[in-house]
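Residue numbers (this note's numbering): 13 to 424.
Heads up, the beta-carbon is just placed ideally off N, CA and C, and yes, glycines get one too.
Here the structure is a predicted model, which means the values were calculated and not measured.
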Amino acid sequence: MHILLRKLLRDLRQRPLRNVLTLIGVVFGVGGVIAITVTTAALAEAQRLTYAGSQQADLATFTSDLSPTTRNLIERQPNVAAADTRPVTFTRFTTGDEWENLRLVGVDSTQPMRLDIVDLVDGSWPQRGEVAFDESTRELTAVQLGQTVAIREAPDDEITYLRVVGFTRSPAQLGAGLLNRATAYTTPTDVRQLTGRTGDNFLLVRVFDQSRASQTADDLSRLLAKRGSTAFGFDVRDPDRFAGSQELGTVLLLLQVFSYLGATLSSVLVANTLSAVMSEEVQQIGIIKSLGGQRWHILLTYLGYALAIGLAGTVAGWLVGIWLGGRLASYLAGMTGLQQPPVAISVEGIALAFLVGVVVTVTASLIPVVVHSRSRVAPLLRSAGVRNDSGSRWVRWLTAPLARAGATLALG
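What follows is the structure, encoded as structure tokens:
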């Protein structure tokens, strides 16, 4: 048994290039599957954290001007947990280059936000004559703290100048690069001056019972109509979806398909490589049997070799998959406005890595080892010598021009 262990260690040392290539195949298969698994789980957790921490509104609509009295009346309606109003306008801005689309929202920094809470990530909240951009705005144009931006809705309109004092992160909102539109926050007074309005025109509502959200939206529409205001269609939030979730789900599905395809291809590569190794070891198996080695000695020797390659590749692939999955989840969460998710280590992920890496590798070695271990010693030790395996005449005819250029090229 000691001799067989020495042979196992020698095999791992004597074939460094082939062992490394086999190891890379295992890492590739395990890493791709684990990366997509980690990404999917992290985005689900990011959605939960975003909606739990930012108090997402269940109902949202643009309206005609709303007074604080109307907002207080809405909050007293059945199934309404909280209500908030903000002035919002769609305009354009420039930092000196091209004019970009802009969604400008009025927020009062002296009062805490109740719904759709926006996080300040750099700088300060804006005062009169100031503005804070969503951090994804940098995907559209270069915006820096202290810079002055020009705002106007149409070419003939008067230009308003605001100074950039902060950067924010908007919850569950697609990035500016995807929307081709930036989001920024300034004081409600500045927004009203741009629009000529006297009140807020965007209503946010959070309900107690989400199953009755549509009915609550209809009730609020009738209430606003009685108050002389108009609701231009409520958006009812689906608790199982977020901004861009359908597109993101498609991307994840495609990545999952490609990851499993990559795992399959890497498994074929690993199986072929190990099958070639076993073919080279036929005489070694014959020598072991001629020296009195039992079948289980042979199985332990070569399955130990495959197990060592599989375990090393599984551990490395799992670590690579965790890292890649965290980076991918962070990137996709930033694009969709979700809170940056933590990377969690799950038992299911470890089991999946073990299945893809170790089980496939050991199984690929098991079949040829079992076949050769059941053979008689004489055929295993016999050398076939050099045989004529030149192939069919069509192969020779096609490779003849290459053979004139060089034998190596024709063999390739």
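So what does DSSP say about residue 76, is it helix, strand or coil? Assignment of residue 76 by DSSP, reduced to helix, strand and coil, places it in the strand class.
Inspect the CB distances between the region 127 to 137 and the region 170 to 183 and report whether three or more fall short of 8 Å. Verdict: yes, contact present.
By Cβ distance, which residues of its chain are closer than 6 Å to residue 410, with the 5 residues on each side in sequence left out? Within the same chain, no residue comes within 6 Å of residue 410 by CB-CB distance, once the 5 residues on both sides are set aside.
Less than 9 Å separating the beta-carbons of residue 249 and residue 71? Contact flag set, yes.
DSSP three-state label for residue 164, please. In the three-state reduction of the DSSP assignment, residue 164 falls in the strand class, which pools E and B.
Closest residue to residue 263 among 323, 281, 343 (Cα-Cα distance): It is 343.
With distances taken between CB atoms, is the gap from residue 69 to residue 337 smaller than 9 Å? Taking 9 Å as the cut-off, the Cβ atoms of residue 69 and residue 337 do not count as close.
Alpha-carbon spacing of residue 246 relative to residue 161, whole angstroms: Computed Cα separation, rounded: 32 Å.
The beta strand (DSSP E) that contains residue 112, what's its start and end? Its beta strand (DSSP E) spans residues 112 to 118.
Under 8 Å from any heavy atom of the ligand SAH, does the C-beta of residue 67 make it? The model depicted lacks the ligand SAH and carries no ligand whatsoever.
Going by the CB atoms, is the gap between residue 341 and residue 353 shorter than 9 Å? In this structure, residue 341 lies closer than 9 Å to residue 353 by Cβ.
DSSP puts residue 176 in a beta bridge; with which residues? For residue 176, which the question treats as bridged, DSSP gives the partners 143.
Thinking residue 370 and residue 323 are a contact (beta carbons under 8 Å), I'd like their distance in whole angstroms, please. Approximately 6 Å separates the beta-carbon atoms of residue 370 and residue 323; this is inside 8 Å, confirming the contact.
C-beta atoms of residue 140 and residue 201 nearer than 9 Å: If you check the CB distance, residue 140 and residue 201 come in under 9 Å.
For the beta strand (DSSP E) containing residue 212, list its first residue and its last residue. Its beta strand (DSSP E) spans residues 212 to 219.
Is residue 374 helix, strand or coil by DSSP? Here residue 374 sits in helix by DSSP.
Evaluate contact between the region 36 to 56 and the region 221 to 239, counting only Cβ atoms and requiring at least three cross-stretch pairs below 8 Å. The answer is no - the region 221 to 239 does not touch the region 36 to 56, with fewer than three Cβ pairs under 8 Å.
Per DSSP, what kind of secondary structure is residue 231 in: helix, strand or coil? It is helical.
Between the beta-carbon of residue 118 and the beta-carbon of residue 198, is there less than 9 Å? Cβ distance < 9 Å, so residue 118 and residue 198 count as in contact.
For residue 82, name the three-state secondary structure that DSSP assigns. Residue state for residue 82 is assigned as helix, using DSSP reduced to three classes.
Supposed contact pair residue 153 and residue 112 - C-beta distance, whole angstroms, cut 8 Å: About 6 Å separates the two Cβ atoms, so the contact holds.
Assuming contact is defined by CB atoms lying nearer than 9 Å, are residue 83 and residue 212 in contact in what I supplied? Yes, the Cβ-Cβ distance between residue 83 and residue 212 is below 9 Å.
Could you give the C-beta distance for residue 206 and residue 103, rounded to a whole number, given that I count them as a contact under 8 Å? About 7 Å separates the two Cβ atoms, so the contact holds.
Chain-order list of residues whose beta-carbon lies under 7 Å from that of residue 275 (same chain, five-residue window excluded): Contacts found: 41, 44, 45, 368.
Name the residue from 334, 378, 285, 88 whose alpha carbon lies nearest to the alpha carbon of residue 358. Per the Cα distances, 334.
Can you look up residue 398 in the DSSP assignment and give me helix, strand or coil? With a pLDDT of 49 at residue 398, under the threshold of 50, the modelled position of this residue cannot be trusted, and the question is left open.
Secondary structure at residue 366, three-state DSSP: helix, strand or coil? Residue 366 falls in the helix class under three-state DSSP.
Short check: CB of residue 271 to CB of residue 372, under 9 Å? At least 9 Å separates the beta-carbon of residue 271 from that of residue 372.
Determine the closest residue to residue 378 out of 58, 195, 315, with distance taken between C-alpha atoms. Comparing Cα positions, the closest option is 315.
Do residue 134 and residue 157 have their CB atoms nearer than 9 Å? Yes; because the gap between Cβ atoms is below 9 Å, this pair is in contact.
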